[in-house]
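Count along the sequence shown starting at 1, add 184, and that's the number in the working numbering.
First the structure, in the form of structure tokens, and then the observations on it.
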Amino acid sequence: MSESEVSGMVWGDYKNNIIEYVFGCMERSEFAPYICPECGQRSVHLYMHVHNLNTRRGGLWIWCSSCRNFLHSSHYIPLNWNNFTGVEPEKLSAIPAYLDELKVEIDMYLNMNITQINNKGM
Ligand SMILES: [Zn+2]
């Protein structure tokens, strides 16, 4: 059994342009969840977590709860983004199974902060 099958559902890799797509939605201040370019469902979520406050390097996750495509990468995290206290950092892994359990809270947190993020730019 591979790591991606632990939860019983297979996670697959999004194409790279999913980052541009989701950031584009955010720049237009559209609220999450976003429409998935793969399956058409409104179930795409985003979470960012700063690991280093000096360099602003951190992790970025974009995933679809419906078709289970996802992208995880190391990324520059905008200055106006603060880690969501509802996310326990030690539970984070490349596969967004844990984040998907918190998707409702994560969407609310992103939507609350979206204007602030846009003011600083990505
Ligand atoms: Zn999808």
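All C-beta atoms in this analysis are idealised placements derived from N, C-alpha and C, irrespective of residue type, glycine included.
Since this is a predicted model, take the numbers as computed values, not measurements.
Within 10 angstroms of its Cβ, does Glu187 collect 16 or more other Cβ (buried), or is it exposed?
Note that Glu187 scores a pLDDT of 48, beneath 50, so its modelled location is shaky; the value from the coordinates is reported in the next line. Exposed, since its Cβ has fewer than 16 Cβ neighbours within 10 Å.
State yes or no: is the C-beta of Gln300 nearer than 7 Å to some heavy atom of ligand 1?
no
For chain B, check one thing: does any of its Cβ atoms lie closer than 8 Å to the Cβ of His259?
No chain B appears in this structure, which consists of one protein chain only.
Verify the contact flag: Cys365, CB atom, against every heavy atom of ligand 1, threshold strictly below 7 Å.
In the structure displayed, the chain extends from 185 to 306; residue 365 sits before or after that span and is not available.
For Glu204, the nearest candidate out of Phe268, Leu244 and Ser249 (CA to CA)
Leu244
Got a sec? Which residues, its chain only, sit under 8 Å from Gly208 by beta carbon, not counting five neighbours each side?
none
Does ligand 1 have a heavy atom nearer than 7 Å to the CB of Cys209?
no
Assess contact between the stretch 245-254 and the stretch 262-271, defined as three or more Cβ pairs (one per stretch) separated by less than 8 Å. Is contact present?
no
Buried or exposed (CB count within 10 angstroms, at least 16 for buried), Phe215
exposed
Could you please give me the residues that DSSP links to Ile219 through a beta bridge?
Arg226
Would DSSP call Cys209 helix, strand or coil?
helix
Using 8 Å for Cβ pairs, my map puts His229 next to Ile290. What's the rounded Cβ distance?
6 Å
Please say whether His233 and Pro273 have beta carbons closer to each other than 8 Å?
yes
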